[in-house]
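Reading the sequence shown from the start, the letters are residues 288 to 564 in this note's numbering. Backbone N, C-alpha and C define an ideal beta-carbon position, used for all residues, glycine too. Right, one structure below, let's go through it.
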Amino acid sequence: MPPISVFERRRRDAVRHAARQTISEGLASRNPARYRGRRIEGAAHRGGNEVKITQGQIDAADVTTRLLLPTSQQGPWSPFARFAETIATARKKEGLHSHNAEEVVVYVLEGYVDHESDGGQPATLTQGSVLVLTAHEPIRHELVMQKGRSARWMSIVLRLPSHAERTPASVQIKTAGDPIEAADGTVQRPVVGSHARADSFTHIECTDIGFAKEGTAFFRLGKTQRSVAYVLSGSGTFGSEHVEPGDGALLENASGFSMHGTPGFRVVLASLPRPSL
């Protein structure tokens, strides 16, 4: 029997996770008193700050994708319309789909995947590639798996402000910024934003954070920001909450955010201005 690839192993793990998740939620609904201590989603309030821990769920329409939002536990969180991680093989065909009044960020974590869009030149995205699609007007695009290859990527869909100036749709393809080793033991790679090669209309700041040694890192955010932290690998803590791959934190009214981890703990932190009401 040929060895199982890392991508196939992760796909199978995702399927098993979805099955366990369905069973756990079913048991909790039958006997909430018994399963009250099992955290599916929780919130902690300290000094007016809100840190909401939420668990990703396998997309019912696509078992290769884990959704942090929207899910049955957490709906869209404006301007975040979708936050997801995908592990795909050459069998996956996403198909052309449309975006309008949205900005899409795709960050390739592993492997190779081709990108095609209306009127644009096809491009191959590799590990570290960043795609930013800004759709003030309708535009269709798709990610196409290369034959015999696999890929892993995360994607963020953001709603554009209704009062934004309508300009032609645009597609940027860049490489994430160079890794920077911080004094707190983390290695930080700018993905999108002021310190990255790719920028965005929504002014999202997105950073890939890995722990090279055990430690606690603190990140300044801003009380006018909404931020999402998502665990890609390893385990650690967000504040006092233990988190594992597929878990995330939604942060609002927070001047800063702390996380503790050991080597292998990897997190993506995305932050942007909170929409005006």
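Can the beta-carbon of residue i be found less than 9 Å from the beta-carbon of residue j?
i, j, result
"residue 514", "residue 483", "no"
"residue 368", "residue 400", "no"
"residue 431", "residue 459", "no"
"residue 520", "residue 530", "no"
"residue 385", "residue 427", "yes"
"residue 498", "residue 472", "yes"
"residue 492", "residue 559", "yes"
"residue 338", "residue 487", "no"
Are there 16 or more other CB atoms within 10 angstroms of the CB of residue i, so buried, or fewer, so exposed?
i, result
"residue 443", "buried"
"residue 445", "buried"
"residue 536", "buried"
"residue 505", "exposed"
"residue 404", "buried"
"residue 439", "buried"
"residue 551", "exposed"
"residue 311", "Low confidence applies here, because residue 311 scores a pLDDT of 42, under 50, leaving its location unreliable; read the following figure in that light. Flag for residue 311 reads exposed."
"residue 390", "buried"
"residue 507", "exposed"
"residue 490", "exposed"
"residue 416", "buried"
"residue 511", "exposed"
"residue 494", "buried"
Suppose you measure from the CA of residue i to the CA of residue j; what does that come to, to the nearest Å?
i, j, result
"residue 467", "residue 475", "5 Å"
"residue 517", "residue 425", "29 Å"
"residue 563", "residue 366", "10 Å"
"residue 526", "residue 534", "13 Å"
"residue 524", "residue 549", "10 Å"
"residue 414", "residue 355", "22 Å"
"residue 377", "residue 496", "28 Å"
"residue 434", "residue 382", "15 Å"
"residue 540", "residue 409", "40 Å"
"residue 340", "residue 353", "16 Å"
"residue 396", "residue 441", "7 Å"
"residue 343", "residue 362", "12 Å"
"residue 451", "residue 421", "12 Å"
"residue 544", "residue 402", "34 Å"
"residue 349", "residue 449", "30 Å"
"residue 429", "residue 411", "12 Å"
Please name the residue in the options whose C-alpha comes closest to that of residue i.
i, options, result
"residue 485", "461, 506, 502", "461"
"residue 406", "435, 455, 449", "455"
"residue 501", "393, 470, 347", "470"
"residue 478", "488, 503, 463", "463"
"residue 555", "387, 412, 372, 402", "372"
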